[in-house]
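In what follows, a structure is listed as structure tokens, so that the remarks can point back to it.
In our numbering, the protein residues as written are 2 to 612.
Here it is, written out as structure tokens:
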């Protein structure tokens, strides 16, 4: 197949965003009042967007490359091993979410706006995956990040607008940091497509900026604040791609633009690994006290990204782990993306399918249970296989306690998924909606992929990974469920104890405290400034607030006239000195051009005698 599919993979959804924006039935104001021809078919555009990317990843051979020196600063598109894994699960997830969005948003208000930003976000996500150069990654990252704001605020509710505000602030922080990091990387490596060996010469500042810029997208604590707010606010298909595909690009960016496998970075690797451990454990207890299933899934995503950051940090500390580590991290990202996307779409089906035939709800709940077990890493699931691939990285770490810590986190994840199933099964706030056949089929395909994952890619030895932690988690969850069933008010004091966004609760008092401290420190400085300003104003008024004759007489007095003359003379002398210095330098350079630059090392042949 032609390598131009790599270009079409992200240009196609970019082109579809334009007609999708006007599927509501009207063009801009110049043609207002005229119906858009073909508006009736535009609702299918979201599910057409990822098709070229899916065809590309299924038909192009590994290593297919397309060079476009005429595009922007020179664009390089390639399907390497990491991009192949990312493009496969990302395209599948966008296809499932696109089918869900096309059928469930049909005929709803602002459907054109949602589909347009949906396709723009998709285009940015796919571009940064296949783009190997710095510009392609940043351009795709920026398009994806800014367009996703429209997904978050689509509902227009106060909750969505607040979540959008937090998301936009954090996204801009991440993009500015990432832009500075990529510019420094290009300056220090001398290329826009650096290899791991080129990246080995990076100084600490671009590495720090890359960790911060991509840490916002990855949900690195305390940069995770947007995640638990954006997921419940965004529509279901948007939440699926936000958590399943978009946050994974942070790991891809670190794999590409940090010297993974080239040199050991014990300090930066240790910092990222420590941040991963903090993120892994921080999100679990907060997720357990939530009552919204989408918020629970959001904190689960934060925790799982912490595990990936931990493993990547360990690889940075020990370059010998890079070959197996990069493959294991990419595989785990794919498994988590498919399972988490299926969970979000399943939540939507659970809320919108009460009016369907009676067997639909039990099937949806059963599918959610399978996906939750896969996310926790239960035996014979895709999660067990993906976790098994990470074991060499954990075993080769310099920190001997890491493997035990991950096992404890697996127990916590099992409890979190049990909490999710409990909330979903008891939730009564439903919104019946017809026409869920194709969304249900798309969700079923995701579920089938997650079920077949271990048998297609895993060895039998990997099917029983972490069975002890999972068993303990299920046992604890069963005991808690029995207690809650006997006494429904038993857990009420802790439910909602920490609101979604957690650290944002502290933002307002911390802001008031900071403003108070600043005012206290600024007060004496402000008083001194006011006194100096008043003194200068009074002197100015004494001199200039007079009649015209008095002003002319004041200007003739020596303190003022003399100061003006001295200033003018000083400026003239400086100008003359600058001109004379420039002439001398010009003459010196002319003389040096006429003479050999290294006397004694250059010889001239004597002139030939004239005949």
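Beta carbons are placed, not taken as given, at the ideal position from N, Cα and C, and that holds for glycine. For clarity, every value in this text was computed on a predicted model and none was experimentally measured.
Mind checking which residues open and close the beta strand (DSSP E) that includes residue 109?
As a first step, residue 109 must be located in the chain shown, where it is residue number 108. Here residue 109 belongs to no beta strand (DSSP E), and DSSP marks it neither H nor E.
Please determine whether the Cβ atom of residue 304 lies at a distance below 7 Å from any heavy atom of the ligand MG.
In the structure shown, the ligand MG is absent, as is every other ligand, since no ligand is present at all.
Endpoints, beta strand (DSSP E) assigned at residue 66:
To locate residue 66, count along the chain shown from 1; it is residue 65. Where residue 66 is concerned, the enclosing beta strand (DSSP E) stretches over 66-69.
Which runs of the beta strand (DSSP E) at least 3 residues long sit entirely within the segment 309-336? Give them in chain order.
Entirely contained in the segment 309-336, not one beta strand (DSSP E) run reaches 3 residues.
With three or more C-beta pairs closer than 8 Å as the rule, is the segment 98-108 touching the segment 78-89?
Output reads no: the segment 98-108 does not touch the segment 78-89.
Return the chain-ordered list of same chain residues with a C-beta closer than 7 Å to the C-beta of residue 54, the five sequence neighbours on each side being excluded.
Start at 1 with the first residue of the chain shown, and residue 54 comes out as number 53. A distance below 7 Å between beta-carbons, with the five flanking residues on each side excluded, links residue 54 to the following residues of its chain, in chain order: 10, 88, 92 and 127.
Use the C-beta contact count for residue 3: other C-beta atoms within 10 angstroms, 16 or more gives buried, fewer gives exposed.
Stepping through the chain shown from its first residue, residue 3 is reached at position 2. Result: exposed.
At the level of alpha carbons, what is the spacing between residue 263 and residue 202?
Walking along the chain shown from the start, residue 263 turns up at place 262. Walking along the chain shown from the start, residue 202 turns up at place 201. Pairing residue 263 with residue 202, the inter-Cα distance amounts to about 10 Å.
Within the continuous alpha helix (DSSP H) that includes residue 176, where are the two ends?
In the chain shown, the residue the question calls residue 176 occupies position 175. Per DSSP, residue 176 belongs to the alpha helix (DSSP H) from 159-190.
Give a yes or no on whether 8 Å exceeds the smallest Cβ distance from residue 569 to chain C.
The structure shown contains no chain C; it holds only a single protein chain.
For residue 150, which option in 109, 20 and 230 has the closest C-alpha, if you only look at C-alpha atoms?
Here residue 150 is taken as the residue at index 149 of the chain shown, counted from 1. When each option's Cα is compared against that of residue 150, the closest is 230.
Residue 198, DSSP secondary structure in three states
Indexing the chain shown from 1 puts residue 198 at position 197. Helix, per DSSP.
On the DSSP letters alone, give me the boundaries of the alpha helix (DSSP H) that residue 411 sits inside.
Counting from 1 along the chain shown, the entry for residue 411 is found at position 410. 403-427 is the extent of the alpha helix (DSSP H) around residue 411.
Contact between the segment 271-288 and the segment 135-149 is defined here as three or more beta-carbon pairs at a separation below 8 Å; is this criterion met?
Of all C-beta pairs linking the segment 271-288 to the segment 135-149, fewer than three are shorter than 8 Å, placing the two stretches out of contact.
Any idea what DSSP makes of residue 502, helix, strand or coil?
By 1-based counting over the chain shown, the position of residue 502 is 501. It is coil, neither helix nor strand.
Kindly list the residues whose CB is nearer than 7 Å to the CB of residue 499, restricted to its own chain and excluding five residues on each side of it in sequence; keep chain order.
Locating residue 499 in the chain shown gives position 498, where the first residue counts as 1. So the qualifying residues of the chain are 287 and 290.
Taking its Cβ as the centre, do 16 or more other Cβ atoms sit within 10 Å of residue 513, making it buried, or is it exposed?
Here residue 513 corresponds to residue number 512 of the chain shown, with the count starting at 1. It counts as exposed.
Would residue 572 be called buried (16 or more neighbouring beta carbons within 10 Å of its own) or exposed?
Here residue 572 refers to the residue found at position 571 when the chain shown is read from its first residue. Counting Cβ neighbours within 10 Å, residue 572 comes out exposed, since fewer than 16 surround it.
Let me know if residue 548 comes out buried or exposed under the rule of 16 or more other beta-carbons within 10 Å of its beta-carbon.
Taking the chain shown and counting its residues from 1, the one referred to as residue 548 is at position 547. Here residue 548 scores only 49 on pLDDT, less than 50, and its place in the model is too uncertain to base an answer on.
With three or more C-beta pairs closer than 8 Å as the rule, is the segment 309-319 touching the segment 342-351?
Short answer: they don't touch.
Taking only three categories from DSSP, how would you classify residue 132?
Working through the chain shown from its first residue, we reach residue 132 at position 131. Correct three-state label for residue 132: strand.
Would you call the segment 160-167 and the segment 219-235 in contact, with 3 or more CB pairs under 8 Å?
Remark: three or more beta-carbon pairs, one from each stretch, lie closer than 8 Å, so the segment 160-167 and the segment 219-235 are flagged as touching.
Coarse secondary structure for residue 266, derived from DSSP in three states:
Sequence index remark: in the chain shown, residue 266 carries index 265 (1-based). Note: residue 266 maps to coil in three-state DSSP.
Go ahead and label residue 30 buried or exposed: buried means 16 or more other beta carbons lie within 10 angstroms of its beta carbon, across all protein chains shown.
Along the chain shown, one-based indexing puts residue 30 at 29. Residue placement at residue 30 is poorly supported in this model, since its pLDDT is 39, which falls under 50; the coordinates still yield a value, given next. In the assembly as shown, residue 30 is an exposed residue. Its beta-carbon has fewer than 16 other beta-carbons within 10 Å.
Whose C-alpha, out of 5, 330 and 148, is nearest the C-alpha of residue 305?
Translated into the one-based positions of the chain shown, residue 305 becomes position 304. Measuring C-alpha to C-alpha distances from residue 305 to each of 5, 330 and 148 identifies 330 as the nearest.
Straight-line gap, residue 280 to residue 219 (C-alpha atoms, nearest Å)
Counting from one through the chain shown, the residue named residue 280 turns up at place 279. Counting from one through the chain shown, the residue named residue 219 turns up at place 218. About 10 Å.
Where the beta strand (DSSP E) containing residue 78 begins and where it ends:
Position 77 of the chain shown, counted from the first residue, corresponds to residue 78. Going by DSSP, residue 78 is part of the beta strand (DSSP E) stretching over 76-79.
Please work out which residues of its chain come closer than 7 Å, Cβ to Cβ, to residue 180, disregarding the five sequence neighbours upstream and downstream, and give them in chain order.
For the purposes of this step, residue 180 is identified with residue 179 of the chain shown, where counting begins at 1. The residues are 139.
One question on the structure: do residue 161 and residue 153 come within less than 8 Å of each other, judged by their Cβ atoms?
The sequence position of residue 161 within the chain shown is 160, counting from 1. The sequence position of residue 153 within the chain shown is 152, counting from 1. Yes. Within cutoff.
On a Cα-Cα basis, can you pick out the residue from 245, 252, 260 and 400 that is closest to residue 299?
If you number the chain shown from 1, residue 299 lands on position 298. Comparing alpha-carbon positions, the option among 245, 252, 260 and 400 lying closest to residue 299 turns out to be 245.
Among 319, 258, 375 and 402, which residue has its Cα nearest to the Cα of residue 195?
Within the chain shown, residue 195 is the residue found at index 194, counting from 1. For the residues 319, 258, 375 and 402, the minimum Cα distance to residue 195 belongs to 258.
Boundaries (first-last residue) of the alpha helix (DSSP H) holding residue 487:
The residue given as residue 487 occupies position 486 in the chain shown. Secondary structure note for residue 487: its alpha helix (DSSP H) is the uninterrupted segment 468-487.
Can residue 171 and residue 118 be called in contact, C-beta distance under 8 Å?
Within the chain shown, the letter at position 170 stands for residue 171. Within the chain shown, the letter at position 117 stands for residue 118. Result no, Cβ atoms of residue 171 and residue 118 do not sit closer than 8 Å.
Quick check on residue 380: does DSSP put it in helix, strand or coil?
Residue numbering aside, residue 380 sits at position 379 when the chain shown is read from its first letter. In the structure shown, residue 380 sits in coil (DSSP, three-state: anything other than H, G, I, E or B).
Helix, strand or coil at residue 291 according to DSSP, with G and I counted as helix
Sequence index remark: in the chain shown, residue 291 carries index 290 (1-based). Residue 291: coil per DSSP, three-state reduction.
Looking at C-beta atoms only, is the number of pairs between the segment 360-367 and the segment 471-487 that lie closer than 8 Å three or more?
No: the two stretches stay apart, fewer than three of their Cβ pairs being nearer than 8 Å.
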